[in-house]
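The structure appears right after this line, and notes come after that.
Residue numbers (the working numbering): 51 to 567.
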């Protein structure tokens with residue numbers, strides 16, 4: 051018996067652990083498949099909660115009740131069969147009482163589930179609030195709104211505490227109700243037994259089941275009933291844990307059902323010749339168009355700049371090119387293939403993106419550069435760093451390329467982070483390099499050197515620049531000028547200046563550093 055118990059415990063724990071790891075892995079992989087627009091609408095705390103809190107709740111409860119779910123129902127059924135053999139009528143009366151009490155239990159559990167779901171939702175809001183305000187510490191201080199933020203936090207915290215307390219109270223009621231029901235059923239069964247025996251003795255009843263009832267039967271029946279109810283109520287206790295687990299499972303399931311980026315197919319990507327937008331429109335809210343019937347073509351190994359004021363649609367084009375978003379209407383082609391049909395892995399290998407605010411992993415400088423090309427040699431990594439004009443700086447660090455970039459990137463300047471991001475892009479084998487004002491945080495001298503390095507890549511890469519400053523795009527092959535989601539002009543810098551249109555007006559604002567932000 052001891053060995054069986056140990057074996058079942060070990061098996062249960064292993065099964066719960068493997069299930070938890072599998073669920074967390076599925077949820078994490080789902081994050082990389084979700085449409086970016088959908089993910090952006092979710093709170094940070096909500097995503098973290100799905101991976102951490104909900105999965106941990108499932109894990110904790112699985113290891114508790116998995117073993118009991120196998121043994122307890124079997125024992126309970128066996129005992130109730132024995133009770134039915136001893137006294138079928140008393141057993142039926144007992145089952146009737148239990149069904150009434152079970153109904154009460156289900157009502158309490160239903161209310162507890164609703165409270166638990168609301169509690170987890172408020173916890174997500176609280177986690178998001180804390181994360182956002184830690185990140186916005188400097189802004190909060192500069193605006194002198196600490197008191198306002200503290201009041202908002204207290205209100206949110208009080209709301210969470212109130213709902214969580216209600217959830218805890220409701221779930222805690224299940225156990226005392228179980229004990230009350232157990233005593234009620236046993237006492238009721240005992241009273242019915244005595245009444246039947248009394249009726250039998252006083253009237254000499256010819257009814258067979260009454261004639262069979264005696265003190266020994268009553269004692270046997272009640273002892274067996276107490277044992278059966280103990281098992282059954284323990285099963286109800288486990289069911290309360292299961293209900294908590296089901297709330298988390300339901301929340302994870304809703305997350306897994308979120309819309310994914312594309313129904314990717316496995317069309318191979320041959321040698322890239324051109325990228326084409328064909329009457330592409332896009333809306334963030336299904337009401338207002340961020341892009342309105344945009345059409346253009348970018349040939350391989352050319353440089354293209356996209357300019358325009360804030361909100362004109364520049365970044366939307368970048369996100370569509372990177373397949374972060376799906377067009378609301380229209381088609382995007384890589385050669386003759388709709389890019390939604392292209393193999394995901396091959397597509398991701400074709401494009402490298404450098405953002406204005408680049409993000410690094412909390413890892414070494416070397417790994418942050420080499421992550422785009424795991425089989426890169428040290429010489430290749432150093433060459434990429436040289437092209438980004440960051441090698442000398444890295445070499446002078448105490449730990450060189452093994453220096454850890456901390457979680458919030460506070461041990462490097464914004465310019466240095468941009469240069470590391472550029473080194474990463476230079477190292478990649480991507481045919482297409484998309485840069486969103488990737489040199490904005492650099493000093494003029496370094497910026498000029500890196501711009502020269504970028505333009506030297508144009509013989510072997512297709513470069514697309516999202517430009518906020520006109521001085522960075524004078525030498526590109528083609529400029530797309532955007533206004534209110536439409537391309538209103540296109541051509542080289544000289545052609546657009548001679549045209550004396552919208553681009554010319556923007557250029558006149560500040561010839562040296564025309565800011566379009």
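The C-beta atom is built at its ideal place from N, Cα and C for all residues, glycine as well. A quick note: this is a predicted structure, and the numbers were derived from the prediction, not measured.
Tell me, to the nearest whole angstrom, how far the beta carbon of residue i is from that of residue j; I am working on the premise that it is less than 8 Å.
i           : j           : result
residue 512 : residue 348 : 6 Å
residue 274 : residue 136 : 7 Å
residue 350 : residue 330 : Incorrect: roughly 20 Å between the Cβ atoms, too far for contact.
residue 402 : residue 333 : Not quite, the Cβ-Cβ distance comes to about 27 Å (not below 8 Å), so this is no contact.
residue 480 : residue 437 : With a Cβ gap of about 14 Å, residue 480 and residue 437 do not count as contacting.
residue 532 : residue 423 : Going by Cβ atoms, the distance from residue 532 to residue 423 rounds to 33 Å, so no, they are not a contact pair.
residue 207 : residue 176 : 6 Å
residue 557 : residue 530 : In fact, because the Cβ distance is near 15 Å, the residues do not count as touching under 8 Å.
residue 486 : residue 465 : Not quite, the Cβ-Cβ distance comes to about 15 Å (not below 8 Å), so this is no contact.
residue 129 : residue 277 : 6 Å
residue 107 : residue 298 : 5 Å
Quick check on the burial criterion: 16 or more other C-beta atoms within 10 angstroms. Buried or exposed for residue i?
i           : result
residue 201 : exposed
residue 535 : buried
residue 549 : exposed
residue 127 : exposed
residue 337 : exposed
residue 429 : exposed
residue 178 : buried
residue 104 : buried
residue 205 : exposed
residue 518 : buried
residue 404 : buried
residue 335 : exposed
residue 196 : exposed
residue 154 : exposed
residue 427 : exposed
residue 305 : buried
residue 78  : exposed
residue 377 : buried
residue 463 : exposed
residue 447 : exposed
What are the start and end residues of the beta strand (DSSP E) that includes residue i?
i           : result
residue 383 : 379 to 384
residue 568 : Since the first and last residues shown for the chain are 51 and 567, residue 568 lies out of range.
residue 549 : Here residue 549 belongs to no beta strand (DSSP E); instead the alpha helix (DSSP H) covers 543 to 549.
residue 395 : That residue, residue 395, is in no beta strand (DSSP E); its alpha helix (DSSP H) goes 394 to 400.
residue 353 : 353 to 358
residue 329 : 324 to 333
residue 515 : 512 to 517
residue 570 : Beyond the ends of the chain as shown, which are 51 and 567, falls residue 570; an answer cannot be given.
residue 467 : Unbroken run through residue 467 is the alpha helix (DSSP H), 464 to 477; no beta strand (DSSP E).
residue 484 : 482 to 486
Please go through the same chain and pick out, in chain order, the residues whose beta-carbon is closer than 6 Å to the beta-carbon of residue i, but skip the five residues on each side of it.
i           : result
residue 134 : 141
residue 354 : 348, 514, 528
residue 554 : 547
residue 501 : none
residue 366 : 332, 340, 341
residue 389 : 382
residue 238 : 147
residue 526 : 353, 355
Among the residues of its own chain, which have a CB less than 7 Å from the CB of residue i, if the five just before and after it don't count?
i           : result
residue 145 : none
residue 467 : 408, 410, 459
residue 69  : 112
residue 584 : Given that the chain is displayed from residue 51 to residue 567, the structure contains no residue 584 and the question cannot be resolved.
residue 88  : 308, 309
residue 251 : The predicted position of residue 251 is uncertain, since its pLDDT is 43 and thus under 50; a value taken from the coordinates is nonetheless stated next. Once the five neighbours on either side are set aside, residue 251 has no close Cβ partner at all.
residue 214 : 169
residue 158 : 220, 223, 224, 227
So the alpha helix (DSSP H) residue i belongs to, where does it begin and stop?
i           : result
residue 431 : 428 to 437
residue 415 : 415 to 420
residue 455 : No alpha helix (DSSP H) contains residue 455, which DSSP labels as neither H nor E.
residue 524 : Taken as a continuous stretch (DSSP letters only), residue 524 belongs to no alpha helix (DSSP H), as it is neither H nor E.
residue 444 : 441 to 445
Enumerate in chain order the residues of its own chain whose CB-to-CB distance from residue i is below 8 Å, with the five nearest sequence positions on each side excluded.
i           : result
residue 524 : 543
residue 328 : 345, 380, 381, 382, 383
residue 412 : 454, 455, 456, 457
residue 183 : 190, 199, 203
residue 552 : 531, 533, 538, 539
Would you say residue i lies against chain D (beta-carbon separation less than 8 Å)?
i           : result
residue 222 : Included in the structure is just one protein chain, with no chain D present.
So does residue i have its beta carbon nearer than 7 Å to some heavy atom of the ligand MN?
i           : result
residue 168 : This structure simply doesn't include the ligand MN, nor any ligand for that matter.
Using 8 Å as the Cβ pair cut-off and three pairs as the minimum, do the stretch 218 to 225 and the stretch 161 to 173 touch?
Flag = yes, the stretch 218 to 225 and the stretch 161 to 173 touch.
Given 8 Å as the limit, is there contact between the stretch 466 to 479 and the stretch 408 to 421, that is, 3 or more CB pairs closer than that?
Yes, since at least three Cβ pairs between the stretch 466 to 479 and the stretch 408 to 421 fall closer than 8 Å, the two stretches touch.
Check whether the stretch 441 to 461 touches the stretch 380 to 399, counting contact only when three or more Cβ pairs, one atom from each stretch, lie closer than 8 Å.
No, the stretch 441 to 461 is not in contact with the stretch 380 to 399.
Are the stretch 375 to 389 and the stretch 321 to 329 in contact at 8 Å, needing three or more beta carbon pairs?
Yes, the stretch 375 to 389 is in contact with the stretch 321 to 329.
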